[in-house]
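Read the structure below first, then the notes.
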Amino acid sequence: MSTAASSVSLPPPSSLARAAGWYREGFRLWRRAPFRLVGLSLACMVAEVLLQLVPLAGTVLSKAVVPMLAVGVWIGLDRLARGEPLRFACLLSGWRHPRWPALWGLTAAVGLIVFAVQVAAAAAVYGPAVWDAVVLGHLLHHPALQTRRLEFVLLLPGLVPATLLTLAPPLFLFRGEGVLAALAGSLRRVAVHAVAFTLALLPQLVLFAVALSSPWAMPLLLLLMPLGTLLAYAAWRDLAGAPPAG
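Residues in the sequence shown are numbered from 1 upward in steps of one, following the UniProt record's numbering.
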């Protein structure tokens, strides 16, 4: 004979509880390999700086290439969550993927969309000089734009599209979705859980704002850079029903 309790499912967690759970899971993964995570962030940052040295096209090129390195961190985190070590070689995992051209197209699309929002926000504040200074890499020609405020205007608005598209890489990597389906799937899932994602995003905005305001901006940003990916991975495991960590 079945009992009434057996037919009653547990209510879904509240948005606040869900966002808090993502932070708990993210910090649990952080404790497993903190120095490797910072090292991976540093490697991505160095790659971006080096690519931006390419005349004229360097900045745009970096936004299309570095996200492919970042998707390797997704693969590394998935292995870490399953009890495997996090290795620096994971940065190249994206190019070893069987569908790497499509994966590169996806990551480049996400990187360039985020960059376009950042540039549009900065241009709305500072005018058309932003296109030459930021997109073409001629910042030294525009002393008026060499301010901490420009960093705020560039970085913080980009967190919004980055959050909306944050689940596209795992949908491609772990669910086998195509590029457009992964992008649409991320938008759909984030929209359904908009409150939880907003609650998870707000502390990141505050932390990044504090870091940018500090004289120790670069070291603090290095510590914060893994946070977004850790939270996104935790959200993915929660929302996609990924198997529990071993």
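C-beta atoms are modelled at their ideal positions from N, C-alpha and C, and glycine is treated no differently.
Handout entry: Neighbour-count burial assignment, PHE35, 16 or more Cβ in a 10 Å radius
Key = For the purposes of this step, residue 35 is taken as residue 35 along the sequence shown, with counting starting at 1. The residue in question, PHE35, is exposed, as its Cβ has fewer than 16 Cβ neighbours within 10 Å.
Problem - Stretch-stretch touch, CB-based, cutoff 8 angstroms, three pairs: the segment 136-143 with the segment 183-197 - result: no
Handout entry: Inter-stretch contact at 8 angstroms, needing at least 3 Cβ pairs: the segment 102-121 / the segment 154-165
Key = yes
Problem - For ARG79, the first and last residue of its enclosing alpha helix (DSSP H) - result: Taking the first residue of the sequence shown as 1, we reach residue 79 at position 79. Its alpha helix (DSSP H) spans residues 58-81.
Exercise for the section: Enumerate in chain order the residues of its own chain whose CB-to-CB distance from ALA20 is below 6 angstroms, with the five nearest sequence positions on each side excluded. Expected result: As a first step, residue 20 must be located in the sequence shown, where it is residue number 20. If we look at ALA20 and ignore the five residues flanking it on each side, it has no Cβ neighbours.
Handout entry: Local conformation of THR163 per DSSP, three classes
Key = By 1-based counting over the sequence shown, the position of residue 163 is 163. Three-state result, THR163: helix.
Handout entry: Cβ pair GLY158, VAL195 closer than 7 angstroms
Key = Here residue 158 refers to the residue found at position 158 when the sequence shown is read from its first residue. Here residue 195 refers to the residue found at position 195 when the sequence shown is read from its first residue. No.
Problem - Residue interval of the alpha helix (DSSP H) (run including VAL134) - result: In the sequence shown, the residue the question calls residue 134 occupies position 134. Careful: VAL134 lies outside any alpha helix (DSSP H) and carries neither H nor E.
Handout entry: Test item: CB-CB of ALA121 and VAL130 under 7 angstroms
Key = Numbered from its first residue, the sequence shown carries residue 121 at position 121. Numbered from its first residue, the sequence shown carries residue 130 at position 130. Going by C-beta atoms, ALA121 is not nearer than 7 angstroms to VAL130.
Handout entry: Cβ-Cβ separation, GLU25 to ARG237 (assumed contact under 8 angstroms), whole Å
Key = Taking the first residue of the sequence shown as position 1, residue 237 is located at position 237. Taking the first residue of the sequence shown as position 1, residue 25 is located at position 25. Indeed, because the Cβ distance is near 7 angstroms, the residues count as touching under 8 angstroms.
Handout entry: DSSP-derived helix/strand/coil call for GLU151
Key = Working through the sequence shown from its first residue, we reach residue 151 at position 151. Residue state, collapsed to three classes: helix.
Problem - Unbroken alpha helix (DSSP H) run spanning SER14, endpoints - result: Within the sequence shown, residue 14 is the residue found at index 14, counting from 1. Element bounds for SER14: n/a, residue is neither H nor E.
Problem - Contacting residues, own chain, Cβ-Cβ under 8 angstroms from ALA33 (five flanking each side not counted) - result: Numbered from its first residue, the sequence shown carries residue 33 at position 33. LEU80, PRO85 and LEU86, listed in sequence order.
Exercise for the section: Let me know the secondary structure DSSP gives SER214 once reduced to three states. Expected result: Taking the first residue of the sequence shown as position 1, residue 214 is located at position 214. The answer is coil: DSSP assigns SER214 none of H, G, I, E or B.
Exercise for the section: Classify HIS141 as buried or exposed, calling it buried when 16 or more other Cβ atoms lie within 10 Å of its own Cβ. Expected result: As a first step, residue 141 is located in the sequence shown; it is residue number 141 there, counting from the start. Exposed, by the Cβ-count rule.
Exercise for the section: Please go through the same chain and pick out, in chain order, the residues whose beta-carbon is closer than 6 angstroms to the beta-carbon of HIS193, but skip the five residues on each side of it. Expected result: Taking the sequence shown and counting its residues from 1, the one referred to as residue 193 is at position 193. Nothing meets the Cβ criterion.
Problem - Under the three-state DSSP convention, the category GLY185 falls into - result: Within the sequence shown, numbered from 1, the residue matching residue 185 stands at position 185. It is helical.
Exercise for the section: Report buried or exposed for VAL66, applying the criterion of at least 16 other Cβ atoms within 10 angstroms of its Cβ. Expected result: One-based indexing of the sequence shown puts residue 66 at position 66. So VAL66 ends up on the buried side.
Exercise for the section: Measure how close the beta-carbons of LEU155 and PHE208 come, nearest whole angstrom, since I'm counting them as under 8 angstroms. Expected result: In the sequence shown, residue 155 corresponds to position 155, counting from 1. In the sequence shown, residue 208 corresponds to position 208, counting from 1. Contact holds; Cβ gap of about 6 angstroms.
Practice task
Could you tell me the boundaries of the alpha helix (DSSP H) in which GLU48 lies?
Solution key: As a position in the sequence shown, residue 48 is number 48, starting the count at 1. Start and end: 34-51.
Practice task
May I ask which residues mark the beginning and end of the alpha helix (DSSP H) holding ALA168?
Solution key: Numbered from its first residue, the sequence shown carries residue 168 at position 168. Segment 168-175, the alpha helix (DSSP H) holding ALA168.
Exercise for the section: May I have the straight-line CA-CA distance separating LEU171 from LEU92, to the nearest angstrom? Expected result: Residue 171 sits at position 171 when you count from the first residue of the sequence shown. Residue 92 sits at position 92 when you count from the first residue of the sequence shown. About 19 angstroms.
Problem - Neighbourhood of LEU183 by C-beta distance below 6 angstroms, restricted to the same chain and skipping five residues each side - result: Position 183 of the sequence shown, counted from the first residue, corresponds to residue 183. Closer than 6 angstroms at the Cβ level, and outside the excluded window around LEU183, lie ALA168.
Practice task
Pull up the distance between the alpha-carbon of GLN52 and that of PRO128, whole angstroms please.
Solution key: On the sequence shown, position 52 is the one that residue 52 refers to. On the sequence shown, position 128 is the one that residue 128 refers to. When rounded, the distance between both Cα atoms is 20 angstroms.
Practice task
Measuring alpha carbon to alpha carbon, tell me which of ASP132, ARG149, LEU201 and CYS44 ends up nearest PRO161.
Solution key: For this step, residue 161 is matched to residue 161 along the sequence shown. Among ASP132, ARG149, LEU201 and CYS44, the Cα nearest to that of PRO161 is on LEU201.
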